[in-house]
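*Asks:*
Numbering (our numbering), first residue to last: 1087 to 1245.
Quick look at the structure:
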């Protein structure tokens, strides 16, 4: 089993001075961290990498410091996971564009951010995950997931 931390839109130092303590506590026992962009400061990446290996993508607020691709795919267990900041989602219709993107990439799970709105739904055997933002949202939070083979169990944390 592999346990991952899932986070996005930290916006540090513009939305908060530091990563909230509940995130650091929960991530202290994960095997890997996925960050779906808008770190804003490279320090966020450095702090997360001190906790666990961290894979991230560049968000629209990540200017020159954060040098990452806009999209990544990784294999955890037997799941193919896509990671992107802006999946074309918006609050009024959170499904259509992320689902189309996930289908076009052939991923089992799509992790994305940008909207700051937490979202989790499985459609057509594809799991869409948006952890929201731990620092700037009506629904501040993050996620963890336990992956074993093709099975995934997601835990949602509110701050």
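Glycine is no exception: its CB is placed at the ideal position from the N, C-alpha and C atoms. Remember, it's a predicted structure, so these values are computed and weren't measured experimentally.
(1) To the nearest angstrom, report how far apart residue 1162 and residue 1215 are at their CA atoms.
(2) Which value, in whole angstroms, describes the spacing of the CA atoms of residue 1131 and residue 1124?
(3) Where do the N-terminal and C-terminal ends of the beta strand (DSSP E) with residue 1135 fall, by residue?
(4) If you compare alpha carbons, which of 1211, 1093, 1145 is closest to residue 1188?
(5) Hey, could you find the ends of the beta strand (DSSP E) residue 1166 is sitting in?
(6) Assuming residue 1097 contacts residue 1219 under a Cβ cut-off of 8 Å, what Cβ separation, rounded to an integer in Å, is found between them?
(7) Short check: CB of residue 1147 to CB of residue 1181, under 7 Å?
(8) For the alpha helix (DSSP H) holding residue 1109, just list the boundary residues, first then last.
(9) Using beta-carbon positions only, say whether residue 1137 and residue 1120 come within less than 7 Å of one another.
(10) What is the C-beta distance between residue 1168 and residue 1196, in whole angstroms, given that I count them as a contact (C-beta under 8 Å)?
(11) From residue 1089 to residue 1199, what distance separates their C-alpha atoms?
(12) Can you list, in chain order, the residues of its chain whose CB lies under 8 Å from that of residue 1114, leaving out five sequence neighbours each side?
(13) Return the residue from the list 1159, 1143, 1160 that minimises the CA-CA distance to residue 1153.
(14) State the start and end residues of the unbroken beta strand (DSSP E) segment that holds residue 1120.
*Replies:* Let me spell this out:
(1) 15 Å
(2) 10 Å
(3) Counting along the chain, residue 1135 falls outside any beta strand (DSSP E), though it belongs to the alpha helix (DSSP H) covering 1128-1137.
(4) 1211
(5) 1165-1170
(6) About 7 Å separates the beta carbon of residue 1097 from that of residue 1219, a gap short enough to meet the 8 Å contact definition.
(7) no
(8) 1107-1113
(9) no
(10) 5 Å
(11) 20 Å
(12) 1137
(13) Among 1159, 1143, 1160, the Cα nearest to that of residue 1153 belongs to 1143.
(14) 1118-1121
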